[in-house]
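In our numbering, the protein residues as written are 13 to 155.
Structure first, then comments.
Structure (structure tokens):
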């Protein structure tokens, strides 16, 4: 998730808050059983890499902080955020294609205290982020 919402237009030089829903950022376990034996694998989220669509990547070691209406929209996220410096006007669909990839550590435990670590698992989700540039025009004639 991000603030502003995915269907809103983000402005350049205004912080974007990035976060994962708490329901997503939870360890997941599954157990396989055969008569007399069982093995449990647990996947724990450890980081989220946000490919922002403009060539930059932000890596956060946690779910990020959810933006609320009580937060200052000009303040950066305390845990996971990004600030675009260029408009997405020249991009396909006039939006940056943002890809969030969660890295999961995988551990397994079996009978008799056996266990170990498996290679990490990656899950991904994508969204489009429209970013506009706001420009001020001085009409007072002053310098």
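Think of the CB as a built atom: it goes at the ideal place given N, C-alpha and C, for glycine as much as any other residue.
Everything numeric in this text was worked out from a predicted model, so none of it was measured.
Check	Outcome
Those residues which DSSP pairs with residue 40 across a bridge	55
Three-way DSSP call (helix, strand, coil) for residue 106 in this model	helix
Residue burial classification, residue 75 (beta-carbon count within 10 angstroms, cutoff 16)	buried
Residue 139 at chain B interface by Cβ criterion, 9 Å	Absence of chain B from the displayed structure is noted, only one protein chain being present.
Alpha carbon of residue 120 to alpha carbon of residue 73, nearest angstrom	22 Å
Residue(s) in a DSSP beta bridge with residue 128	120
Through-space distance from residue 26 to residue 98, alpha-carbon basis	11 Å
Contact under 9 Å by Cβ, residue 71 with residue 62	yes
Cβ neighbours of residue 113 in the same chain (closer than 6 Å, five flanking residues each side left out)	61, 134, 136
Continuous beta strand (DSSP E) stretch holding residue 72: start and end	69 to 72
Cα-Cα separation between residue 101 and residue 64, rounded to whole angstroms	15 Å
Selection from 78, 49, 91 that minimises the alpha carbon distance to residue 35	78
Inter-residue Cα distance where the pair is residue 67 and residue 48	52 Å
Assigned exposure category for residue 130 - 16 Cβ within 10 Å defines buried	exposed
Residue 118 versus residue 146: straight-line alpha-carbon distance, rounded	45 Å
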